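The structure under discussion appears below in the form of structure tokens.
Number of protein chains: 2
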Amino acid sequence: MILDLAGAEEAGLLGSGGHGFDQPAINRFMASGPEAWARVRARLTELLAEDGVADLRENVSLRERLLIPQELARMHLPIEVAGYTDFFAGRQHAFNSGSILRGPQNALTPNWPHMPIGYNGRSSTVVVSGTPVRRPLGQTRPDGVDMPLFGPSKRMDIEVEFGAIVATGTELGDTLTVAQAWEHIFGFVLLNDWSARDIQRWEGQPLGPFQAKAFATSISPWVVTRAALEPFRCSGPERDLPLLPYLHEPAEYFFDLTLEAHLTPPAGHASRIVRTNTRYLYYSAPQLLAHHAIGGCRMETGDLLGSGTISGPERGNFGCLMEQTWGGRDEVALENGGVRKFLEDGDSVTLTGWGEVDGLRIGFGRCEGQILPAPTTIGKAS
Amino acid sequence: MILDLAGAEEAGLLGSGGHGFDQPAINRFMASGPEAWARVRARLTELLAEDGVADLRENVSLRERLLIPQELARMHLPIEVAGYTDFFAGRQHAFNSGSILRGPQNALTPNWPHMPIGYNGRSSTVVVSGTPVRRPLGQTRPDGVDMPLFGPSKRMDIEVEFGAIVATGTELGDTLTVAQAWEHIFGFVLLNDWSARDIQRWEGQPLGPFQAKAFATSISPWVVTRAALEPFRCSGPERDLPLLPYLHEPAEYFFDLTLEAHLTPPAGHASRIVRTNTRYLYYSAPQLLAHHAIGGCRMETGDLLGSGTISGPERGNFGCLMEQTWGGRDEVALENGGVRKFLEDGDSVTLTGWGEVDGLRIGFGRCEGQILPAPTTIGKAS
Chain A
1 MILDLAGAEE
11 AGLLGSGGHG
21 FDQPAINRFM
31 ASGPEAWARV
41 RARLTELLAE
51 DGVADLRENV
61 SLRERLLIPQ
71 ELARMHLPIE
81 VAGYTDFFAG
91 RQHAFNSGSI
101 LRGPQNALTP
111 NWPHMPIGYN
121 GRSSTVVVSG
131 TPVRRPLGQT
141 RPDGVDMPLF
151 GPSKRMDIEV
161 EFGAIVATGT
171 ELGDTLTVAQ
181 AWEHIFGFVL
191 LNDWSARDIQ
201 RWEGQPLGPF
211 QAKAFATSIS
221 PWVVTRAALE
231 PFRCSGPERD
241 LPLLPYLHEP
251 AEYFFDLTLE
261 AHLTPPAGHA
271 SRIVRTNTRY
281 LYYSAPQLLA
291 HHAIGGCRME
301 TGDLLGSGTI
311 SGPERGNFGC
321 LMEQTWGGRD
331 EVALENGGVR
341 KFLEDGDSVT
351 LTGWGEVDGL
361 RIGFGRCEGQ
371 ILPAPTTIGK
381 AS
Chain B
1 MILDLAGAEE
11 AGLLGSGGHG
21 FDQPAINRFM
31 ASGPEAWARV
41 RARLTELLAE
51 DGVADLRENV
61 SLRERLLIPQ
71 ELARMHLPIE
81 VAGYTDFFAG
91 RQHAFNSGSI
101 LRGPQNALTP
111 NWPHMPIGYN
121 GRSSTVVVSG
131 TPVRRPLGQT
141 RPDGVDMPLF
151 GPSKRMDIEV
161 EFGAIVATGT
171 ELGDTLTVAQ
181 AWEHIFGFVL
191 LNDWSARDIQ
201 RWEGQPLGPF
211 QAKAFATSIS
221 PWVVTRAALE
231 PFRCSGPERD
241 LPLLPYLHEP
251 AEYFFDLTLE
261 AHLTPPAGHA
271 SRIVRTNTRY
281 LYYSAPQLLA
291 HHAIGGCRME
301 TGDLLGSGTI
311 SGPERGNFGC
321 LMEQTWGGRD
331 EVALENGGVR
341 KFLEDGDSVT
351 LTGWGEVDGL
361 RIGFGRCEGQ
371 ILPAPTTIGK
381 AS
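Residue numbers (the UniProt record's numbering), protein chains in the order written: chain A, 1 to 382; chain B, 1 to 382.
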């Protein structure tokens with residue numbers, strides 16, 4: 001069941017109100033800051049707990065109006081995305097992708113152990129789970145060919161990521177400590193940074209990923225608050241090298257959360273292709289944000305910070321097909337006998353994620369998308 | 001004198017109105033499309049021309065209310081910036097910067113002659129001319145040093161660019177021909193993509209520029225419409241190699257416009273440090289937009305597309321200090337005897353630009369900013 005927060009606010013269940021739950025996105029509520037979030041969270045717990053207050057539980061008509069079966073709800077983008085930044089904060093992923101491209105000796109660039117490497121993504125193409133993903137047209141240049149080709153990407157991939165949502169911003173020129181950055185983060189979503197590997201490989205030098213990542217980035221419709229994830233906090237990794245002081249962490253800012261990806265062919269069953277964990281990240285969300293703001297970049301309510309692909313030590317923990325197939329060399333076996341190197345038209349990919357400790361389980365819902373065929377003509381119909 | 005469009009609309013001078021000139025930015029007007037722009041432009045010409053209608057000219061009180069001396073006006077960001085994308089569309093700049101980093105043999109990456117290389121910038125830090133620019137803190141690793149250093153950038157630079165403003169958007173999955181893209185562009189601004197070269201060099205691999213470009217991007221407050229620039233259209237460059245069909249241009253989409261940059265030290269005179277021309281670009285604005293949309297990326301009203309640094313053949317035409325000093329090796333001489341390799345605190349840089357043909361001159365106004373010292377502490381004051 002889903003609680004209708006706009007209705008709850010209107011019915012006077014959430015105190016003085018003014019949280020903006022009647023808006024299409026939760027940006028106004030996020031901007032109201034940690035004290036307001038805590039008050040609303042406490043009140044919701046009180047309203048929904050078995051041993052809580054009677055205001056909702058014992059008012060049948062109100063309860064029936066405000067509690068909506070999930071299957072009757074259509075999910076929307078939970079936030080108005082201001083900026084979308086994608087990082088490269090998983091060590092195993094950085095090592096694997098560097099190894100595939102440059103060999104294991106030069107897998108990590110020298111800067112990698114010193115800072116969260118990231119790039120600005122395209123916020124206009126962040127979409128909610130369920131939005132179909134059209135295979136992009138673009139330029140590629142296969143090995144051994146002189147001139148680039150133009151056409152649909154042949155190497156469509158996923159990236160299993162964890163997205164942090166920035167709730168309160170900074171002014172131009174401001175910086176944040178890591179501890180302050182933590183307070184600016186409202187919560188987290190599942191994030192699939194769909195990638196066209198063949199386009200990425202050809203366009204990527206010298207300015208990084210652009211069209212290879214610009215056709216869709218899917219997020220789950222539920223923002224799981226930082227407060228709800230408290231039970232799953234854990235320590236970070238051992239550091240290859242000491243970090244500069246501005247990235248020091250005064251507390252544990254990592255999470256122990258399982259993430260999975262399942263692939264479902266057009267007429268087939270779901271096969272699990274990835275099982276990984278957010279604790280495999282090397283840089284925490286507040287480190288990403290503190291680094292993002294260190295030069296004075298203005299951060300905004302609704303900024304989305306992707307972790308980058310999260311890969312663990314074994315092949316089944318690798319968070320994208322490029323790694324699982326080692327650059328397209330190997331195949332991933334599906335149940336029922338199919339195989340994949342990259343995604344085919346009609347394939348659906350679903351990310352799920354959850355934390356579980358002492359019988360408490362908190363899930364992230366689903367983040368899914370189905371691949372549609374590329375357009376066959378160029379240009380808007382007039 | 002500046003015509004107050006909101007006042008003119010309210011006074012009924014602009015027909016049925018509804019253009020949204022009372023809004024803080026012109027996005028609503030831009031979204032109304034080329035026919036509406038043409039109607040308003042024709043009407044404004046009629047109102048302001050010596051031989052035009054009398055509605056404004058002969059109504060003294062209205063004229064005095066609506067025509068405001070420039071020196072009394074405070075300029076604001078003309079558009080609400082949706083996405084900011086910066087390209088690398090000047091051949092001489094790409095060649096120079098590649099030569100400085102990798103030598104002249106490998107100056108251009110193989111993809112460069114085939115597509116406009118670009119990256120997503122940070123739209124939240126696009127600021128209007130006059131906004132001070134704080135020197136960023138960040139990581140750098142000078143040559144011969146093992147571990148990175150942290151502190152203020154020592155290599156602050158400008159980039160003289162031409163910015164195209166996207167007026168009407170596309171839906172996710174749509175593509176645009178180059179001719180269609182031209183119709184989606186409302187106008188142009190001067191753009192200074194302030195850059196921290198030492199941060200850029202250390203962070204740039206493998207994902208491209210990030211914090212080196214995220215502290216400020218200045219634009220001029222006047223959007224000069226595409227229609228106003230018609231007299232300055234010119235043909236594009238000869239192509240090194242044939243372009244793929246989706247980038248073919250059915251018409252002349254380049255402009256012959258002079259751009260200059262002047263540097264003014266804290267207590268000194270302005271010295272011209274750059275004189276270049278938009279005709280030195282290799283890819284036109286509609287080619288940038290058509291490439292941007294080719295993978296289905298949703299384009300939005302208010303997207304800002306920077307050309308990248310515009311450099312001409314001679315040193316005085318190079319559009320940034322990195323090129324003018326050849327990576328900090330040489331010095332740029334200022335009038336009054338000073339020199340610069342990169343910008344010092346207190347320096348102001350002003351971009352200007354204009355077209356001139358047959359006695360007609362159209363200017364872009366100014367795009368300026370002064371460098372403030374870096375912050376001395378990290379974190380928001382609590």
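Here a beta-carbon is modelled for each residue, glycine too, at the ideal position from N, C-alpha and C.
Note that this is a predicted model, so its numbers are computed, not measured.
Where residue i sits in the DSSP three-state scheme
| i | result |
| --- | --- |
| Thr-168 of chain B | coil |
| Ile-199 of chain A | helix |
| Gly-327 of chain A | coil |
| Val-81 of chain A | coil |
| Ala-261 of chain B | strand |
| Thr-276 of chain A | strand |
Beta-carbon proximity of residue i to residue j, cut-off 8 Å
| i | j | result |
| --- | --- | --- |
| Lys-213 of chain A | Asp-174 of chain B | no |
| His-76 of chain A | Pro-221 of chain A | yes |
| Val-274 of chain A | Ala-285 of chain A | no |
| Asn-192 of chain A | Gly-369 of chain A | yes |
| Ile-79 of chain B | Val-224 of chain B | no |
| Thr-301 of chain B | Ala-82 of chain B | yes |
| Ile-68 of chain A | Asp-22 of chain A | no |
| Ile-165 of chain A | Val-127 of chain A | no |
| Leu-343 of chain A | Ile-310 of chain A | no |
| Phe-87 of chain B | Leu-288 of chain B | yes |
| Gly-346 of chain A | Pro-266 of chain A | yes |
| Gly-365 of chain A | Phe-232 of chain A | no |
| residue 384 of chain B | Ile-219 of chain A | Residue 384 of chain B lies beyond the stretch modelled for chain B, which goes from 1 to 382, so this question has no answer here. |
| Leu-108 of chain A | Ala-89 of chain A | no |
Minimum Cβ-Cβ distance from residue i to chain A less than 8 Å
| i | result |
| --- | --- |
| Tyr-246 of chain B | yes |
| Ala-82 of chain B | yes |
| Cys-297 of chain B | yes |
| Ser-123 of chain B | yes |
| Thr-301 of chain B | no |
| Glu-323 of chain B | no |
| Lys-341 of chain B | no |
| Ile-310 of chain B | no |
| Leu-172 of chain B | yes |
| Phe-150 of chain B | yes |
C-alpha distance - residue i paired with residue j, whole-angstrom precision
| i | j | result |
| --- | --- | --- |
| Ile-158 of chain A | Thr-352 of chain A | 13 Å |
| Gly-98 of chain A | Pro-206 of chain B | 9 Å |
| Ile-2 of chain B | Phe-29 of chain B | 18 Å |
| Asn-59 of chain A | Thr-217 of chain A | 41 Å |
| residue 391 of chain B | Pro-237 of chain B | Residue 391 of chain B lies beyond the stretch modelled for chain B, which goes from 1 to 382, so this question has no answer here. |
| Leu-149 of chain B | Arg-155 of chain B | 14 Å |
| Gly-306 of chain B | Asn-277 of chain B | 15 Å |
| Ala-54 of chain A | Ala-38 of chain A | 20 Å |
| Met-147 of chain A | Asp-198 of chain A | 14 Å |
| Leu-229 of chain A | Gly-308 of chain A | 20 Å |
| Cys-320 of chain A | Val-160 of chain A | 7 Å |
| His-248 of chain B | Asp-303 of chain B | 22 Å |
| Gly-33 of chain B | His-291 of chain B | 21 Å |
| Ala-374 of chain B | Gly-144 of chain A | 48 Å |
| Arg-14 of chain A | Gly-268 of chain A | As written in the sequence, residue 14 of chain A is Leu, which differs from the Arg given in the question. Cα-Cα distance, rounded: 45 Å. |
| Gly-327 of chain B | Thr-131 of chain A | 46 Å |
Cutoff 8 Å: residue i Cβ touching any chain B Cβ
| i | result |
| --- | --- |
| Trp-326 of chain A | no |
| Arg-134 of chain A | yes |
| Asn-106 of chain A | no |
| Ile-68 of chain A | no |
| Tyr-283 of chain A | no |
| Trp-202 of chain A | yes |
| Ile-26 of chain A | no |
Within chain C, partners of residue i - CB distance below 7 Å
| i | result |
| --- | --- |
| Phe-215 of chain A | Of the protein chains in the structure, A and B, none is chain C. |
Contact the segment 175 to 192 of chain A vs the segment 38 to 52 of chain A: 3+ CB pairs below 8 Å: no
Report yes or no: do the segment 136 to 143 of chain B and the segment 291 to 299 of chain B share at least 3 C-beta pairs separated by less than 8 Å? no
Can you confirm whether the segment 258 to 272 of chain A touches the segment 346 to 366 of chain A when touching is taken to mean that 3 or more C-beta pairs between the two stretches lie within less than 8 Å? yes
Evaluate the contact criterion for the segment 107 to 127 of chain A versus the segment 233 to 248 of chain A: three or more CB pairs, one atom per stretch, below 8 Å. yes
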